Structure formats: C-alpha cells, structure tokens
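Chemist: For what it's worth, our numbering labels the leading residue of the first sequence as 31, then goes sequentially.
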Amino acid sequence: MPELPEVETVVRGLREPLVGRTIIGMWHDWDKTLHSPSPQEFAARVAGQTVRGIGRRAKYILIELEHDVLVVHLKMSGRLYVASAEDVYDADRWVHVRFDLDGDKQLRFSDVRKFGKVYLTDDLSRLLGHLGPEPLDQSFTLAGFREGLKGRRRSIKAHLLDQEIVAGIGNIYADEALFRAGIHPNCMAGELTDEDAELLHLTIRDALLAGIKHEGASINWYRKADGGKGESQNHFYVYGRMNLACRNCGATINKIRVAQRGTHYCPNCQPERIY
DNA sequence: CCAGCCCCCTGTCGGC
DNA sequence: TGCCGACAGGGGGCTG
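#1: In terms of residues, what are the limits of the alpha helix (DSSP H) holding residue 95?
#2: From residue 233 to residue 171, what does the alpha carbon distance come to, in whole angstroms?
#3: Between the alpha carbons of residue 63 and residue 227, how many angstroms are there, rounded?
#4: Among residues of its own chain, excluding the 5 on either side of residue 59, which ones have a beta-carbon nearer than 6 Å to its beta-carbon?
#5: Inspect the CB distances between the stretch 179–189 and the stretch 97–107 and report whether three or more fall short of 8 Å.
#6: By a C-beta neighbour count over all protein chains shown, 10 Å radius and 16 as the cutoff for buried, is residue 251 buried or exposed?
#7: Report yes or no: do the stretch 138–146 and the stretch 105–117 share at least 3 C-beta pairs separated by less than 8 Å?
#8: Per the DSSP calculation, residue 59 is bridged to which residue(s)?
#9: Should the stretch 212–227 be called in touch with the stretch 253–262, which here means at least 3 C-beta pairs below 8 Å?
#10: Which same chain residues, not among the five before or five after residue 288, have their C-beta less than 8 Å away from its C-beta?
#11: Going straight from the alpha carbon of residue 205 to that of residue 133, what length do you get?
#12: Buried or exposed, going by whether 16 or more other CB atoms sit within 10 Å of the CB of residue 273?
#13: Grouping DSSP H, G and I as helix and E and B as strand, with all else coil, what is residue 171?
#14: Among 55, 94, 236, whose alpha-carbon lies nearest the alpha-carbon of residue 82?
#15: Give me the Cα-Cα distance between residue 135 and residue 253, rounded to the nearest whole angstrom.
#16: When the Cα atoms are used, what is the spatial distance from residue 72 to residue 56?
#17: Whose C-beta lies closer than 6 Å to the C-beta of residue 90 among residues of the same chain, with five residues either side of it excluded?
#18: Shortest alpha-carbon distance to residue 271 belongs to which of 49, 222, 283, 54?
#19: Residue 213 and residue 300 look like a contact to me (Cβ under 8 Å); what is the Cβ gap, rounded to whole Å?
#20: In angstroms with no decimal places, state the Cα-to-Cα distance between residue 44 and residue 124.
#21: Use the C-beta contact count for residue 38: other C-beta atoms within 10 angstroms, 16 or more gives buried, fewer gives exposed.
#22: Would you call the CB atoms of residue 75 and residue 131 closer than 8 Å?
#23: Below 6 Å CB to CB, which residues in the same chain sit around residue 129 once its five sequence neighbours on both sides are set aside?
#24: Just to confirm my understanding: we take residue 85, look at its own chain, exclude 5 residues before and 5 after, and list those with CB closer than 6 Å. What are they?
#25: Output the boundary residues of the beta strand (DSSP E) element that contains residue 286.
#26: DSSP three-state label for residue 79, please.
#27: Taking the continuous alpha helix (DSSP H) assigned at residue 19, which residues delimit it?
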C-alpha cells in the first residue's frame with residue numbers, strides 16, 4: 031500500500047515520539063518479518079541503542095540508532111506506530127514485532143499480510159545500494175531520466191515501477207503521474223519524446239508532492255503514525271476511479287492490466303499512440 | 001532485456 | 001447464507 035508519500039508521512043509522524051528514545055528490548059512472533067540479522071543477534075544488538083534520527087529512502091523507513099540503522103519496509107499492509115505500553119489500538123491484533131522503549135513506550139510493527147520486513151544493519155549501502163535516485167532530490171535529473179528511457183522496450187508504467195530507475199513510485203502514483211503527463215501507461219518507454227520525458231519528470235514530482243501534502247492515501251490498510259487516515263485518495267485523478275468521469279475531460283476512466291498491475295487511465299487525455 | 005508467471009500472506013468483495 | 005475466485009499501495013525469483 032504505502033508508496034513514497036505514505037512512507038514520508040509515517041516518518042514525519044514518528045519523529046516526535048521516537049527520536050531520543052532508547053530501545054530496551056524487543057519481541058516478535060513471526061520469524062520471516064525479521065529479515066536480518068537472526069532474531070537472536072537482532073535482539074542483542076538493538077538493545078541499549080538510542081534513536082538519533084529518522085529518515086526515509088524510497089519506501090524504506092530508516093531509524094538511525096547509535097551503531098546501526100533499524101530499517102522497516104511496510105510492503106502492502108504494514109503499520110508502524112509508537113504507543114504507551116498500556117495503549118490498545120485496532121491494529122494491535124496484527125503486531126508481529128515490538129520494540130520496548132524507555133518511558134514505558136513501545137514501537138509496534140503491525141502487518142496483516144506479513145509481507146513487511148524489518149532489518150538491522152550497519153551497512154545501508156549494501157541493503158539499499160541498488161535503488162535509483164530519490165524523485166524529490168536534486169539527484170533525480172531530467173538528463174538522467176531521459177538517459178534511462180533510451181532504448182528501453184517496455185511500457186512506461188513498468189519503467190516507473192522499477193525502483194532502480196527512480197525509487198519510491200508505486201502503482202498509485204505511477205498512474206497519477208502518467209495521467210498528469212497525458213501519457214498512456216502502455217507507451218514504450220524508449221519511444222517517449224524529449225518533451226514527454228520533461229513533462230513526466232515534472233508530473234512524477236507533482237503527483238508525489240500532492241500525495242505528501244494530503245498525508246498519503248488511506249484506501250485500505252495505510253494509516254499515519256498517529257493512527258489517522260490520509261486524504262490523498264480523495265484527490266486522485268485516475269487511481270481507483272474506474273467508470274467514473276475524468277476530472278479533466280469528463281470521459282470515462284478505464285482500467286486495464288499493465289505489468290501485472292491494475293492500471294487506471296483516461297482514454298481521452300492519455301491516448302494510445304501509433305509509432 | 002523483458003513479459004509473464006510464481007511466491008510470500010490475509011482480508012474483502014462480487015458473483016453464483 | 002455460504003462458497004470460491006479475483007484482487008489488493010510491494011518486491012524477489014524463475015522461465016522462455
């Protein structure tokens with residue numbers, strides 16, 4: 031569920047309750063949620079470390095400790111929140127990892143579908159080195175984006191979902207960025223014009239910034255760190271709007287499958303192209 | 001290189 | 001009502 035805007039919103043919400051807290055110990059009930067190191071080493075290493083800061087890389091949450099980084103990927107249904115030990119939340123029934131903090135607080139990782147992963151590492155580049163540029167950083171240049179499109183014989187939607195091209199876009203914001211650029215999701219990446227690339231380079235950032243502004247999309251599982259819902263889903267142009275009227279032209283939004291993912295587009299604003 | 005399929009899981013929804 | 005398949009904000013792996 032969570033893409034860059036959702037993860038960024040969670041990170042911002044965790045900063046206040048988490049930074050400065052010390053991890054006392056940890057508990058888990060699903061081995062596969064702990065990616066690495068082993069549960070025994072994980073618990074031994076994390077205990078006693080204080081949270082120095084919290085950040086984000088692509089869809090990964092980075093909790094910076096004194097000697098390691100605690101990394102969390104929410105995948106489809108993960109939630110991360112800080113609670114007082116006695117607090118009870120709806121999401122608690124799916125908590126699979128819990129970190130006990132000083133001050134009688136807890137950092138809880140809840141995950142209905144159990145796809146989420148938690149890592150502890152002192153070598154972030156080994157874990158995240160394969161990722162492409164951050165779309166909202168200076169490192170995401172138009173020149174680099176154009177270069178990456180050259181000669182690629184796959185759909186532009188598949189291209190945008192490739193985390194090595196640009197990191198943090200998922201199914202929602204790929205559809206939204208392509209709509210804003212007027213580009214059909216099945217267009218060949220390598221066939222886009224320089225003008226297309228320039229527009230898409232802009233609309234990727236616009237779509238993601240709109241998502242952050244509205245604090246992420248709470249369609250199903252995603253919640254902010256404080257448990258509240260985001261509002262981004264109320265501002266989509268195409269995602270989840272099949273058979274509804276295009277906000278731009280009034281045509282009926284269509285849904286197809288591209289790159290094995292449900293894909294929403296306006297057949298009028300994003301016409302198929304003949305090469 | 002890339003499309004297409006599988007897997008990891010659980011919950012929800014629509015059709016019969 | 002119950003059952004059953006399809007599908008869901010992700011990503012890794014395999015085949016052809």
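Glycine included, C-beta positions come from ideal geometry on N, C-alpha and C. Values in this document were obtained by computation on a predicted structure and should not be read as measured data.
Modeler: In short, the structure shows the following:
#1: Run containing residue 95: none; DSSP gives neither H nor E here.
#2: Note on geometry: alpha-carbon atoms of residue 233 and residue 171 lie some 13 Å from one another.
#3: Rounded to the nearest angstrom, the two C-alpha atoms are 38 Å apart.
#4: Taking C-beta separations shorter than 6 Å and ignoring five residues to either side along the sequence, the partners of residue 59 in its chain run 126, following chain order.
#5: The answer is no - the stretch 97–107 does not touch the stretch 179–189, with fewer than three Cβ pairs under 8 Å.
#6: By the 10 Å Cβ count, residue 251 comes out buried.
#7: Verdict: yes, contact present.
#8: None, per the DSSP bridge assignment.
#9: The stretch 212–227 vs the stretch 253–262: no contact.
#10: These residues qualify, in order along the chain: 185, 187, 188, 215, 216.
#11: Distance between the alpha carbons of residue 205 and residue 133: 43 Å.
#12: The Cβ neighbour count for residue 273, taken over all protein chains shown within 10 Å, is under 16; the residue is labelled exposed.
#13: Coil at residue 171, not helix or strand.
#14: Minimum Cα distance to residue 82 is reached at 94.
#15: Put simply, the backbone Cα of residue 135 is about 19 Å away from that of residue 253.
#16: If you take the alpha carbons of residue 72 and residue 56, they lie about 9 Å apart.
#17: So the list reads 101, 103, once near-sequence residues are dropped.
#18: Just measuring C-alpha positions, the residue of 49, 222, 283, 54 sitting nearest residue 271 is 283.
#19: Correct: roughly 6 Å between the Cβ atoms.
#20: Each residue's alpha carbon lies about 19 Å from the other.
#21: Buried, because 16 or more other Cβ atoms sit within 10 Å of the Cβ of residue 38.
#22: Taking 8 Å as the Cβ cut-off, residue 75 and residue 131 do not qualify as a contacting pair.
#23: Excluding sequence neighbours, residue 129 sits near 53, 56, 137.
#24: Within the same chain, 92 come within 6 Å of residue 85 by CB-CB distance, once the 5 residues on both sides are set aside.
#25: From DSSP, the beta strand (DSSP E) with residue 286 extends over 284–288.
#26: Three-state DSSP puts residue 79 in coil, outside helix and strand.
#27: Only positions 31 to 305 of the chain appear in this structure, which leaves residue 19 out of reach.
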